[in-house]
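Enquirer: Numbering (my numbering), first residue to last: 964 to 1387.
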Amino acid sequence: MNNNASAMECEPRTSDPITQPTTTAGGVASDSNGSSLAEAVTTTTNDTTETTQHHHESSAPPPPPNPSLEPVHSIAQRLLSLRGSPPGTLASLAESEIRLLCQKVRPVLLSQPMLLELEAPLKICGDVHGQFTDLLRLFEYGGFPPESNYLFLGDYVDRGKQSLETICLLLSYKILHPENFFILRGNHESAGINRIYGFYDECKRRYSIRLWKVFSDVFNCLPVTALVDEKILCMHGGLSPEMESLNQIRDLSRPCDVPDVGLMCDLLWSDPDTGVNGWAENDRGVSFVFGADVVAAFLERHDLDLVIRAHQVVEDGYEFFAGRRLVTLFSAPNYCGEFDNAGGMISVDENLMCSFQILKPSSRAARFAARGAAAAAAAAAAQQQQGVGGMTQQQQQMQGNAGGVVGSLAGSNSSGSLQNSPTL
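Spelled out as structure tokens, the structure:
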């Protein structure tokens, strides 16, 4: 089976009926699809705790000490200068500059292993899919490199309108901060896929087909997995029935295309499935689906605590599976402008506590505002009727209403309107 046009893209996750941690609302900042940033809570493999996240106001990256990196620094500065611009504003980059970026990043990628061995603290992000303004908001919220360390799980291009800006900023950061910024390969970092789903057309329209081929050479150099403090295994897709040892990942050679079958294909394409025990065929037409029993056995065999993967749209930006031993992470809110999904980012601290930071979609933000307005109107009416304590009563009513909305959103992670959405 060829993993291109026949494959079904970004299938929404079937929801996992697991009680979710409480989510707290916070400050907001709009993104390209009208979503807003909101604070979330922390959770660990064994427990749930609340934390407070802060919005970061960071400037452009400091000038590089190596003069040879000045062109890359210039590219990053121009991309970051788009902060605050209308969504869809294109960067002013010459094709020769982008080619230089690709030329410089290949040896950096190839100098690091296929299985990255990383240390916390770091931020982990799922699919971005060309939603460049949302990518900038993630950095604003989590801290711009090198203020924070990052691991991205793949699918940087296709679907969104600014795949070029998205991948160029990520590659720039990889060159400027090679030991603090890491990017894995997703199934869309493959010529057979992004030839069809948007990136090829964007390169051809804005620059040339030759540039698309240059990016394909870069994608063939990307690593496919990361191991955080020997306890958290991260990849784009999922597990593989062929994986008996993590050394098999280390032994994968690069540069290479994504094969149609086998270990590397599964790491980029497989999915968890609540309705399956063991392994079964994947409805995408590529790779497999696996059950909670597979996750439990895999983690026990390799002395791991958690699998973090991306690859599927989930309503709240993250979704647990297998008794919270696997989490699906998706970082593109209002995906394709069609899904009412949030975007998620995981912050892993030195103790391997994972906090979920959420980009809420616009419709949810609107519901918060609408309910708040209704509460204010009710309080004003009560004040007119009773003539007592109007402002205090209004504040209490709005706070109580907001708490109810937050509680309902937290619970929705295990049910979700995306369950029956059309497969992309």
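Positions of the beta carbon are idealized from the N, C-alpha and C atoms, including for glycine.
#1: Taking the beta strand (DSSP E) that Glu1244 falls in, what are its first and last residues?
#2: If the criterion is Cβ atoms closer than 8 Å, does the pair Glu1205 and Asp1229 meet it?
#3: So does the region 1084–1092 actually touch the region 1057–1065, counting three or more Cβ pairs closer than 8 Å?
#4: Determine the DSSP secondary structure at Leu1085, reduced to helix, strand or coil.
#5: Verify whether the separation of the beta carbon atoms of Ala1255 and Ala1295 is less than 8 Å.
#6: Tell me whether Val1181 sits in a helix, a strand or coil according to DSSP, three-state version.
#7: Can you give me the start and stop residues for the alpha helix (DSSP H) that Val1290 sits inside?
#8: In chain order, what residues of the same chain have a beta carbon less than 8 Å from the beta carbon of Pro1049, not counting five sequence neighbours either side?
#9: If distances are taken between C-alpha atoms only, which option among Leu1032, His1151, Arg1100 and Leu1079 comes closest to Gln1275?
#10: Where does Asp1090 land, buried or exposed, given buried means 16+ other C-beta within 10 angstroms?
#11: Could you spell out the range, first to last residue, of the alpha helix (DSSP H) harbouring Thr1188?
#12: Compute the Euclidean distance between the alpha carbons of Ser1153 and Arg1264, then round it to the nearest angstrom.
#13: Here's the rule: buried if 16 or more other CB atoms are within 10 angstroms of the residue's CB, otherwise exposed. What is Val1252?
#14: Check Met1316 in the structure and name its three-state DSSP category.
#15: Say whether the region 1135–1150 touches the region 1113–1124, bearing in mind that this needs 3 or more beta-carbon pairs closer than 8 Å, one atom from each stretch.
#16: Is DSSP giving Pro1204 helix, strand or coil here?
#17: Using the Cβ count rule (16 or more neighbours within 10 Å means buried), how would you classify Ser1216?
#18: From which residue to which residue does the alpha helix (DSSP H) around Tyr1136 run?
#19: Taking the alpha-carbon of Val1438 as reference, which of Arg1069, Arg1173, Ile1156 and Tyr1160 has the nearest alpha-carbon?
#20: Check this for me: beta carbons of Leu1099 and Asp1192, under 8 Å apart or not?
#21: Between the C-alpha atoms of Cys1197 and Leu1190, what's the straight-line distance to the nearest angstrom?
#22: Report the rounded CA-to-CA distance for Thr1012 versus Gln1320, giving the unit in angstroms.
#23: Let's test the definition: count the other Cβ atoms within 10 Å of the Cβ of Glu1282 and tell me whether it reaches 16, buried, or not, exposed.
#24: For the 8 Å Cβ check, are there 3 or more pairs between the region 1297–1307 and the region 1230–1242?
#25: Use the C-beta contact count for Arg1224: other C-beta atoms within 10 angstroms, 16 or more gives buried, fewer gives exposed.
#26: Within the continuous beta strand (DSSP E) that includes Glu1282, where are the two ends?
#27: In terms of alpha-carbon separation, which member of Asp1268, Glu1165 and Tyr1298 lies closest to Gly1280?
#28: Residues in its own chain within less than 8 Å of Leu1174 by CB, not counting five upstream and five downstream?
Expert: Checking against the coordinates, here is how it stands:
#1: Trp1242 to Glu1244
#2: yes
#3: no
#4: strand
#5: no
#6: helix
#7: That residue, Val1290, is in no alpha helix (DSSP H); its beta strand (DSSP E) goes Leu1289 to Leu1292.
#8: none
#9: The option with the nearest alpha carbon to Gln1275 is His1151.
#10: buried
#11: Counting along the chain, Thr1188 falls outside any alpha helix (DSSP H), though it belongs to the beta strand (DSSP E) covering Thr1188 to Val1191.
#12: Straight across, the Cα-Cα distance linking Ser1153 with Arg1264 is about 31 Å.
#13: buried
#14: If DSSP states are grouped into helix, strand and coil, Met1316 belongs with coil.
#15: yes
#16: coil
#17: exposed
#18: Ser1126 to Leu1139
#19: Outside the shown range of the chain, which is 964 to 1387, sits residue 1438, and nothing can be said about it.
#20: Judged by their CB atoms, Leu1099 and Asp1192 are not nearer to each other than the 8 Å cut-off.
#21: 6 Å
#22: Low confidence applies here, because Thr1012 scores a pLDDT of 32, under 50, leaving its location unreliable; read the following figure in that light. As the crow flies, the alpha-carbon of Thr1012 is around 13 Å from that of Gln1320.
#23: So Glu1282 counts as buried.
#24: no
#25: Sequence inspection shows Val at residue 1224; the Arg mentioned does not correspond to that position. By the neighbour-count rule (16 or more Cβ atoms within 10 Å), Val1224 is not buried but exposed.
#26: Residues Tyr1281 to Phe1284.
#27: Tyr1298
#28: Glu1058, Ile1061, Arg1062 and Cys1166
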